[in-house]
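A.B. asks: Shown below is the structure under consideration.
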Amino acid sequence: MFSGKQWLAPISLWAVLCASAGAQAQALVVSAEAKRLAQAMQLRESTRLGAELSLQKALEQGRISQQELDCTKASSLDFAVDAYSTAIATALSADEIKRANAFFTSPAGRAYLRYSRSIELKQRNIPDPDPKPELDAKETAAATKFLETSAGKKLIEQRVFETSALKSSLAQGFLAIKTQCAG
């Protein structure tokens, strides 16, 4: 139904990067909805998955200890939600955030996230505890309709928050965890 490349690219969500904060007044107005969207898109979970995979590799290479890995796994990663919320508030209008929230909180949006995660895990040869091998016709129609909106185009096709600002914000958050876990 979907080509892996078309649908997978935006779903490596843990690696998604954000733009620096725009007009502060606008960000404040949409921050609750932007945070809701970051949560609906499961960006904390995607960030956690990416971090755990990287840290597991670092453990295997002897660059970190099991204690550091376990400590990081136990961390809340609230900083990731904050970073993505800022990115969303900066990159999308209030209406686009509202439309994206409507999609990602719907059954079809949640199915899309599961489907995308399944593809990503399969490509990494990682077992998926909750596989979603494909979308049904109704889910496909809803996802296609969302992709035709400006919010869908910005989030999925254009990957608008892939900037150095989010990468830097996430790196700072992980550095703080590393410092805490190493001590």
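Here the numbering used here is used: the first residue of the sequence shown is 36, the next is one more, and so on.
For each residue, glycine too, the CB sits at the ideal point set by N, CA and C.
If you're wondering where the values come from, they're calculated on a predicted model, not measured in any experiment.
Alpha carbon to alpha carbon, how far is residue 191 from residue 168? Give it in angstroms, no decimals.
C.D. replies: Straight-line Cα distance between these residues: approximately 19 angstroms.
A.B. asks: Would you check if the stretch 131-139 and the stretch 169-187 touch, i.e. whether three or more CB-CB distances between them fall below 8 angstroms?
C.D. replies: With a cut-off of 8 angstroms, the stretch 131-139 and the stretch 169-187 count as touching, because enough Cβ pairs lie within range.
A.B. asks: Which same chain residues end up closer than 7 angstroms to residue 128 when comparing Cβ atoms and leaving out the 5 residues on each side of it in sequence?
C.D. replies: Hits under 7 angstroms: none found.
A.B. asks: Considering only residues of the stretch 103-143, which uninterrupted beta strand (DSSP E) runs meet the minimum length of 3 residues and lie entirely inside it, listed in chain order?
C.D. replies: Segments of the beta strand (DSSP E) lying fully in the stretch 103-143: there are none.
A.B. asks: Residues in its own chain within less than 6 angstroms of residue 166 by CB, not counting five upstream and five downstream?
C.D. replies: Here the set comprises 153.
A.B. asks: List the whole-angstrom C-beta distance separating residue 115 from residue 78, where the pair is believed to meet the contact cut-off of C-beta under 8 angstroms.
C.D. replies: Rounded, the Cβ-Cβ distance is 6 angstroms, consistent with contact.
A.B. asks: For the candidate residues 113, 118, 89, whose alpha-carbon lies nearest to that of residue 104?
C.D. replies: Nearest option by C-alpha distance: 89.
A.B. asks: Measure the alpha-carbon distance for residue 215 versus residue 80 and round it to whole angstroms.
C.D. replies: Their Cα atoms are separated by approximately 20 angstroms.
A.B. asks: Would residue 204 be called buried (16 or more neighbouring beta carbons within 10 Å of its own) or exposed?
C.D. replies: So residue 204 counts as buried.
A.B. asks: Drop a sphere of 10 angstroms on the beta-carbon of residue 159, count the other beta-carbons inside from all chains shown, and report buried for 16 or more, exposed for fewer.
C.D. replies: By the neighbour-count rule (16 or more Cβ atoms within 10 Å), residue 159 is not buried but exposed.
A.B. asks: Which of helix, strand or coil does DSSP assign to residue 206?
C.D. replies: In this structure, residue 206 counts as helix in the three-state DSSP scheme.
A.B. asks: If you measure between the beta carbons of residue 174 and residue 124, is that distance less than 8 angstroms?
C.D. replies: Not in contact: residue 174 and residue 124 (Cβ atoms no closer than 8 angstroms).
A.B. asks: Identify, in the order they occur along the chain, each residue of the same chain with its Cβ nearer than 7 angstroms to the Cβ of residue 112, setting aside the five sequence neighbours on each side.
C.D. replies: Contacts found: 79, 82, 83.
A.B. asks: What's the C-alpha gap between residue 163 and residue 133?
C.D. replies: Using only the alpha carbons, I get a separation of about 30 angstroms.
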